[in-house]
Amino acid sequence: MASFDELKTTIRLNQLLGMWAAEKLGLTGADADNYAKACATDTIDPERNDMFGRVRADFDAAGVVQSDEQILDAMRRCKLEAGAMEPTTGGSGDAAAVMLARKLSPR
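In the numbering used here, the protein residues as written are 6 to 112.
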């Protein structure tokens, strides 16, 4: 089972990957934000947490030409960025995670 910090990093990773994929899909504004949030939210759903598979399928359906290697490279870059991201304010990481979960949860 992943630690809470690992889960937060994976959520950040998937949101960053979602923003990258949204750009490639031609999504902008709220559509791009919603796509990225859906990727982040899917982190906790075992049936939908395969981000490579999701991005690959979405690209194929939209006719976006990106190789598997390009997607994997984007995933590696997003993972590095997600791991480097730390809260800039003091306080509990738990509070930040609760705020993130609230922001990402569908209403």
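For glycine and all other residues, C-beta sits at the position ideal for the given N, C-alpha and C.
Going by CA-CA distance only, name the one from the options that's closest to residue i.
i: THR48; options: ALA67, LEU32, ILE16 and ARG59; result: ILE16
i: ASN39; options: GLN20, ILE76 and ASP10; result: GLN20
i: MET56; options: SER8, LYS84, GLY68 and ASP10; result: LYS84
i: SER72; options: GLY34, THR46 and ALA26; result: ALA26
i: ASN54; options: GLY34, ALA41 and ASP78; result: ALA41
i: LYS29; options: PHE64, GLU74, THR14 and LYS13; result: PHE64
Return helix, strand or coil for residue i, following the three-state DSSP convention.
i: LEU12; result: helix
i: THR1; result: Shown here, the chain extends from 6 to 112; a query on residue 1 therefore has no answer.
i: GLN20; result: helix
i: TRP25; result: helix
i: GLY68; result: coil
i: ARG59; result: helix
For residue i, is the classification buried or exposed, using 16 other Cβ atoms within 10 angstroms of its Cβ as the cut-off for buried?
i: GLY98; result: Residue confidence for GLY98 is low, a pLDDT of 49 falling below 50, so the modelled location carries little weight; the figure read from the coordinates is stated next. Exposed, by the Cβ-count rule.
i: VAL70; result: exposed
i: LEU77; result: exposed
What are the boundary residues of the alpha helix (DSSP H) that includes residue i?
i: ASP47; result: Careful: ASP47 lies outside any alpha helix (DSSP H) and carries neither H nor E.
i: ARG53; result: Element bounds for ARG53: n/a, residue is neither H nor E.
When you compare only the Cα positions, how much space is there between residue i and residue j?
i: LEU32; j: MET24; result: 9 Å
i: ALA66; j: GLY58; result: 12 Å
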